[in-house]
Amino acid sequence: MKLKAILMMMTLSIIGCSDHKKVDDNHLSTAKISTKIIARIDDHEITDKQFHAYLKFKRLLLKNDARRLKVIEKYVQREALADAIEKENYLDHDLIAVELNEFRKEMLISRYFEKFLKQAVTDQAVQNYYHTHISAYEAQKAHAAHILIRTHKTMSEPERLAKLTTAQEAYSKIRTGISFSTIANDYSEDKNSTKKGGDLGWIKKGSIDPQFSKTLFALKPEEVSLPVETAFGFHIVKLVEAPKTIRRPFEAVASEIRYQLRNEAKQAELNRLKKKLIITINKERGKK
759 MKLKAILMMM
769 TLSIIGCSDH
779 KKVDDNHLST
789 AKISTKIIAR
799 IDDHEITDKQ
809 FHAYLKFKRL
819 LLKNDARRLK
829 VIEKYVQREA
839 LADAIEKENY
849 LDHDLIAVEL
859 NEFRKEMLIS
869 RYFEKFLKQA
879 VTDQAVQNYY
889 HTHISAYEAQ
899 KAHAAHILIR
909 THKTMSEPER
919 LAKLTTAQEA
929 YSKIRTGISF
939 STIANDYSED
949 KNSTKKGGDL
959 GWIKKGSIDP
969 QFSKTLFALK
979 PEEVSLPVET
989 AFGFHIVKLV
999 EAPKTIRRPF
1009 EAVASEIRYQ
1019 LRNEAKQAEL
1029 NRLKKKLIIT
1039 INKERGKK
């Protein structure tokens, strides 16, 4: 018999949760049903407990009776379809049983760690970590400006020295009292900062070339460095404003802290569970 015919012939009835009257899709029987049974499909009874397990699995919240009834109808129709397909004897049920067992294991592991991690990593635990590791979320930033005379790896030594001479010349002019921004405009080969008098804005310590960072954070406000060489060329560095300690707010890092703590807690729990077992793997069976 065709699947559609089987579905048509099925006696399917649904009981509402509010008035205990049966709700049917096609003017089905209105016989009384136990309040613990929400529907029948032939002789297959569907209980309220099964339906609640379905709701939990689907993460569904039913705010009113109309919504509940709609979901029940959809759930029962799905159950009816599954019953009809099973009676067709068309699929390999042994294989499906194996697949269901594997799915059960996956669900078991997933739900276990979902519950475990919810208890292990609380909002308070995240806040505590933030406050006890506050230095990890602090950084120094300094307002910098520079003049760049570019070099590159393929440049010959005489060419590199010529660039150094240019940088030294620019530095000497600054020492005579010519403004840094004027010299930056005349000499710097960094097009982006040249337009702003060499201003680079606020720079986080350690986020740039180590030599540049070391030079910048060793200066006093308004002090200008001798030419220093990096992979980009020769820089004359100016500290425009003194370094400030910037702290990332809790709200900005809470998610990454929670992610880190959950990973650590999960790994620790995995190790604990594995220690309770003796695992032996047949390596020969693992070979092709």
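Position in the sequence shown counted from 1, then plus 758, gives you the numbering used here.
Just so you know, even glycine gets a beta-carbon here, dropped at the ideal spot from N, CA and C.
Euclidean distance between Cα positions of residue i and residue j
i, j, result
"LYS954", "LYS873", "55 Å"
"GLU915", "LYS899", "35 Å"
"LEU1035", "LEU1028", "11 Å"
"LYS1032", "ALA855", "27 Å"
"ALA920", "TYR929", "14 Å"
"LYS1024", "ILE905", "50 Å"
"LYS845", "ASP801", "13 Å"
"SER965", "PHE1008", "22 Å"
Assigned exposure category for residue i - 16 Cβ within 10 Å defines buried
i, result
"PRO995", "A quick correction: the sequence has Val, not Pro, at residue 995. Buried, by the Cβ-count rule."
"TYR848", "exposed"
"LEU866", "exposed"
"GLY959", "exposed"
"ALA925", "buried"
"GLY991", "buried"
"HIS851", "exposed"
"ALA797", "buried"
"PHE938", "buried"
"TYR1017", "exposed"
C-beta contact flag for residue i and residue j at 8 Å
i, j, result
"VAL982", "GLN969", "no"
"ILE830", "PHE809", "yes"
"LEU974", "ALA1026", "no"
"TYR945", "ILE892", "no"
"ILE1087", "GLU837", "Any answer about residue 1087 is impossible in this case: the structure gives the chain only from 759 up to 1046."
"VAL998", "ASP948", "no"
Residues sharing a beta bridge with residue i, DSSP
i, result
"ASP957", "ALA903"
"ILE1004", "ALA897"
"GLU999", "HIS901"
"ILE795", "THR805"
"PHE992", "ILE907 and GLU987"
"LYS962", "LYS899"
"VAL982", "LYS996"
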